[in-house]
Amino acid sequence: MGRHYFFLDADAFLGDVSKRFEEEEFMHDFKQFLSYVIKHKIKLTPQNRWIPMKHLYVINSLFKNPSELDDVIGDKVYKTREEFCAPRIYFIDLLAGASDCIIADDRDVLAVGPFYNRFLNMDGFNKKRWLVLAWYFHLDWDNWMPEGDFGKTIQEKNLEAVSYLKEISNIKHEVNFKKFTKSYIENLNLKWNAPSQSLNRDLMEWGIERCILEPLSWFGIIRFCHKGKGKFAIRKVKDFYIQPMGKIFLEELVKMGEKIKEGLTKKSNCNNN
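What follows is the structure in C-alpha cells.
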C-alpha cells in the first residue's frame, strides 16, 4: 500500500514539474508566437525573409514581458525597423524553424511545420527538451550572429564545446563569465574574423554570451549576475548560476552531443576500414 501511494505521489510530482515547464516565460512566448504566425499566415519580407514589423509589434505584445522595441531619445521615438533588431523575437522565429514547428512555404508564407502537432502534444518537460536540442544542434547560428562570422565559427565547434557545458552542469556555485569565455576562446581556438582586431577579445566574449549564454538564460537554464553599467551604459555579465532544474537540460544536451560524436567516430572508422 505504501509503495502504491509512493508511485502515485511520484507521478503527481512529475506532472507538477512538467506543468511548471509548460508555464515558464519562454515556453509561453514560444507558443504565443506559433499560434500567431499560423493564424495570420505571415508572408516574409522579400529581401531578408524576415517577419514584417507590423506583426512583430503584435507578437511582442503577446509575450509575458514584452521587449522595448522603440528607443526614445529626448522627444524623439526611433522605431525598430527590422526583425533582426528584436533579438528575443528573432531567436524564437529561428527556433520555430529549427524545431520543425514552422516552415516557410514556396510563397514564403509561414505555415505549420512537420513537427508542429507533435510538439504541441508533448508534456512540458519534453517540449523544453526538444527546443533546447533544436537550438544547439539545428538552429543556424550564422543567421543568429553573422558579425565577424562568429556564429558560424562557434557552431562548427559546438560538439567540441559539449565538454565545457558538461563541466559547468556540475558546478553548484557561480560560474565566472571571464573564466568561462576564456576556456571557450583558448581551448576551441576561436577567432573573430573581421578587419579590425583591436577589440577582438571583447567581441568574442560578447559572441559567446549571445550564442551560448543568452539562449541558456532565456530557457531558464542559467541565471545571470550583472556588474554595474560600464561603457555606453551597458550592463555586463559578471557571473552566472545554473538554475536548480537547469542541470537536467544541460545533461540532456550533453548526452545528445556525446551520442552524435560517438556516431561520427563510428562512421569515420567504418569509412577508413
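Numbers given in our numbering equal positions in the sequence shown, counted from 1, plus 923. For each residue, glycine too, the CB sits at the ideal point set by N, CA and C.
With DSSP as the reference, label residue i as helix, strand or coil.
| i | result |
| --- | --- |
| N1099 | strand |
| C1148 | strand |
| I996 | strand |
| K966 | strand |
| F1042 | helix |
| I974 | coil |
| D1063 | coil |
| F1163 | strand |
| K1114 | coil |
| K1002 | strand |
| R1030 | coil |
| K1080 | coil |
| E1070 | helix |
| N988 | coil |
| K942 | helix |
If you follow the beta strand (DSSP E) that residue i is part of, which residue opens it and which one closes it?
| i | result |
| --- | --- |
| V1035 | 1033-1035 |
Using the Cβ count rule (16 or more neighbours within 10 Å means buried), how would you classify residue i?
| i | result |
| --- | --- |
| N1116 | exposed |
| V1055 | buried |
| T1076 | buried |
| P908 | Absent from the structure is residue 908, since the part of the chain shown begins at 924 and ends at 1196. |
| V1085 | buried |
| T1104 | buried |
| G1043 | The question names Gly, but residue 1043 in the sequence shown is Leu. That one is exposed. |
In chain order, what residues of the same chain have a beta carbon less than 6 Å from the beta carbon of residue i, not counting five sequence neighbours either side?
| i | result |
| --- | --- |
| E948 | K987 |
| F944 | G1047, F1048, K1051 |
| K1089 | V1177 |
| I1091 | V1098 |
Grab the span of the alpha helix (DSSP H) containing residue i for me, first residue to last.
| i | result |
| --- | --- |
| A1057 | 1047-1060 |
| I961 | 948-963 |
| I1091 | 1085-1092 |
| I1012 | 1010-1021 |
| I1026 | Looking at the DSSP string, I1026 is not in any alpha helix (DSSP H); the run it does join, the beta strand (DSSP E), is 1025-1027. |
| S1191 | 1169-1195 |
| I1131 | 1123-1131 |
| E1137 | 1137-1141 |
Between which residues of its own chain and residue i is the CB-CB distance below 8 Å, once the five residues before and five after are set aside?
| i | result |
| --- | --- |
| A1009 | L979, N983, S990, L992, T1003 |
| K1150 | R1158, K1159, V1160, K1161 |
| C1148 | E1097, V1160, K1161, D1162, F1163, Y1164 |
Excluding the 5 residues preceding and the 5 following residue i in the sequence, name in chain order all residues of the same chain whose CB lies nearer than 7 Å to its CB.
| i | result |
| --- | --- |
| K942 | G1047 |
| V1035 | I961 |
| A1156 | Unreliable placement is indicated for A1156, whose pLDDT of 46 sits below 50; the coordinate value is still reported in the next sentence. Here the set comprises nothing. |
| F1038 | S1022, D1023, C1024 |
| A1019 | F956, L957, I1025 |
| L1111 | K1080, E1083, A1084 |
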